[in-house]
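Colleague:
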Amino acid sequence: MINTILVALDASELSEQAIATLHNLKLETMTQVILAHAIANHHSDLDLVVDRPTAETEALPYRTIEKQLQAYQEKIPCNSQIEIVSGDPAEEIVRLANIYQADLILIGNRGLTGIKRIVEGSVSAQVVADAPCSVLVIKPK
């Protein structure tokens, strides 16, 4: 039985596909779903005091992300939580999977190839390599 599912979301169409995939899974009432969004930061770890931004200019994107995750959360038929963190997205997703002892991670794949994949990297590939549990990768339609 899958007790905890971590759903890694971003601001793309893949988030909608990941939520649709989540709804296609037969979720038990005891299943816990963690809706997670990692805000990539380009600061050193020493500059980051807490996960939630405090400056007014940084708070606006955070609130937008939080509202979107809350909208997804309302449609989930079991226990759920929201996690918005700052840092390297792949590292933060794996960290959250460890914290919550996730049985499954749902994550989208942008489908980058060639030079773009080398330059931008693949969050989903890094999560698959480092995850402490199974990973279901959602491909773009």
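The opening residue of the sequence shown carries number 24 in our numbering; numbering runs sequentially from there. A virtual CB, placed ideally from N, CA and C, is assigned to each residue, including glycine. Note that the coordinates shown come from a computational prediction; the quantities given were computed from them, not determined experimentally.
Using beta-carbon positions only, say whether I88 and A148 come within less than 9 Å of one another.
Modeller: Taking the first residue of the sequence shown as position 1, residue 88 is located at position 65. Taking the first residue of the sequence shown as position 1, residue 148 is located at position 125. No.
Colleague: Quick one: Cα of I161 to Cα of M53, how far?
Modeller: Walking along the sequence shown from the start, residue 161 turns up at place 138. Walking along the sequence shown from the start, residue 53 turns up at place 30. When rounded, the distance between both Cα atoms is 24 Å.
Colleague: To the nearest angstrom, how far is the alpha carbon of N47 from that of V56?
Modeller: For this step, residue 47 is matched to residue 24 along the sequence shown. For this step, residue 56 is matched to residue 33 along the sequence shown. Going from the Cα of N47 to the Cα of V56 covers about 14 Å.
Colleague: Using the Cα positions of Q96 and A152, report the straight-line distance between them to the nearest angstrom.
Modeller: For the purposes of this step, residue 96 is identified with residue 73 of the sequence shown, where counting begins at 1. For the purposes of this step, residue 152 is identified with residue 129 of the sequence shown, where counting begins at 1. Between Q96 and A152, the C-alpha separation is close to 28 Å.
Colleague: List the endpoints of the continuous beta strand (DSSP E) containing N102.
Modeller: Sequence index remark: in the sequence shown, residue 102 carries index 79 (1-based). N102 to S109 is the span of the beta strand (DSSP E), which, as asked, contains N102.
Colleague: Between which two residues does the alpha helix (DSSP H) containing Q40 stretch?
Modeller: The residue given as residue 40 occupies position 17 in the sequence shown. Q40 -> alpha helix (DSSP H) spans E36 to N47.
Colleague: If you follow the beta strand (DSSP E) that A59 is in, where does it begin and where does it stop?
Modeller: As a position in the sequence shown, residue 59 is number 36, starting the count at 1. Q55 to I62 is the extent of the beta strand (DSSP E) around A59.
Colleague: Output needed for I28: all residues of its chain with C-beta closer than 6 Å, excluding positions within five of it in sequence on either side, in chain order.
Modeller: Numbered from 1 along the sequence shown, position 5 holds the residue referred to as residue 28. Here the set comprises V56 and L127.
Colleague: Specify the secondary structure class of A31 as computed by DSSP and reduced to three states.
Modeller: As a working note, residue 31 is residue 8 in the sequence shown. DSSP places A31 in strand when its eight states are reduced to three.
Colleague: Look up S157 in the DSSP assignment and say whether it is helix, strand or coil.
Modeller: For this step, residue 157 is matched to residue 134 along the sequence shown. Here S157 sits in strand by DSSP.
Colleague: Please determine, among S157, S109, T44 and A113, the residue with the shortest C-alpha to C-alpha distance to V146.
Modeller: As a first step, residue 146 must be located in the sequence shown, where it is residue number 123. When each option's Cα is compared against that of V146, the closest is A113.
Colleague: In whole angstroms, give me the CA-to-CA distance for C101 and N26.
Modeller: Mapped onto the sequence shown, residue 101 falls at position 78. Mapped onto the sequence shown, residue 26 falls at position 3. Cα to Cα, the separation comes out at about 11 Å.
Colleague: Could you tell me the boundaries of the beta strand (DSSP E) in which I99 lies?
Modeller: Position 76 of the sequence shown, counted from the start, is the residue given in the question as residue 99. First-last for I99: undefined, no H or E at that position.
Colleague: For the candidate residues A59, L50, K49 and G131, whose alpha-carbon lies nearest to that of G110?
Modeller: As a working mapping, residue 110 is identified with position 87 in the sequence shown. Nearest option by C-alpha distance: A59.
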